[in-house]
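Trainee:
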Amino acid sequence: ADEITSAELETWLRASAAELKAHADELTALDSAIGDADHGTNMARGFVAVLDKLDAAGDDVPGIQPLLKSVGMTLISKVGGASGSLYGTLFLDMGKAAPAATEVSVTDFAAIVAAGVAGVVGRGHAVVGDKTMIDALDPAVTALTDAAASGASAAEATRAAAEAATLGRDSTEPLVARKGRASYLGERSAGHLDPGAASSAILLQTLADTLAG
Ligand code: ADP
Ligand code: MG
Ligand code: MG
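So the sequence shown is numbered by full-length UniProt numbering: it starts at 2 and just counts up by one.
#1: Buried or exposed: residue 189, going by 16 or more other Cβ atoms within 10 Å of its Cβ?
#2: Taking 5 Å as the limit, name every residue whose beta carbon sits nearer than that to some heavy atom of ligand 3, in sequence order.
#3: When you compare only the Cα positions, how much space is there between residue 91 and residue 150?
#4: Within 10 Å of its beta-carbon, does residue 126 have 16 or more other beta-carbons around it, so buried, or fewer, so exposed?
#5: Let's see if you can read the secondary structure: which residues bound the alpha helix (DSSP H) around residue 157?
#6: Go ahead and pull the three-state DSSP assignment for residue 80.
#7: Is residue 133 a contact residue of ligand 1, with contact defined as CB to any heavy atom under 7 Å?
#8: Using a Cβ distance threshold of 8 Å, determine whether the stretch 146-162 contacts the stretch 183-199, with at least three qualifying pairs required.
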């Protein structure tokens, strides 16, 4: 089975910054329907800060643990709102579960992502069906873990995770929000995609695109 390297993860983070910027208006439009119209700008701003930090680090290839922890700390300090602490926790807890080494197996990577998502649940207490990023992240972890267990390549496993995240994002449309700002709307939150589930699907699609072929 193949390995996932910190250089590939850095490529993913850089591509994610570009994708989140390209989709910022769309994410903010989703948040304007059921929140406070800042999710696109929050994510784009956070990932610009991630890019700046990667650039400042120069050509040194960091281990997977310091790379992911640094992303987590940047997002916590630069992104306000719910998503800053939740995505910050995702990357910080992925980092805590990651090795100092510059590569990991697909199975170990699945465990790293699972630890990050468990951290988001520990902080935000959302379950699947609450209309949050967990609706995209939880099925992505299951797909990634199952694919890794059946010997899938990094490309195959992350593609399965991205597809699961996209279906999970779509599943949020009819739901009534039970967590976060959107929950203040009650029944009026139904009929819109959750912005955080949409940004999570973008991150996983970008990961699959990065590791494809
Ligand atoms: P804010 O709501 O503070 O303005 P954002 O708009 O950046 O922050 O992010 C909103 C997203 O955060 C929601 O769409 C949802 O996916 C996610 N979210 C909010 N609360 C929670 C929670 N308790 N658990 C998981 N995700 C949450
Ligand atoms: Mg918002
Ligand atoms: Mg806000």
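Think of the CB as a built atom: it goes at the ideal place given N, C-alpha and C, for glycine as much as any other residue. Keep in mind it's a predicted model, so treat the numbers as computed, not measured.
Mentor: Straight from the coordinates:
#1: exposed
#2: In chain order, the hits are 37, 39 and 82.
#3: Roughly 22 Å between the two C-alpha positions.
#4: exposed
#5: 155-172
#6: Three-state result, residue 80: coil.
#7: Residue 133: yes, Cβ under 7 Å from ligand 1.
#8: no
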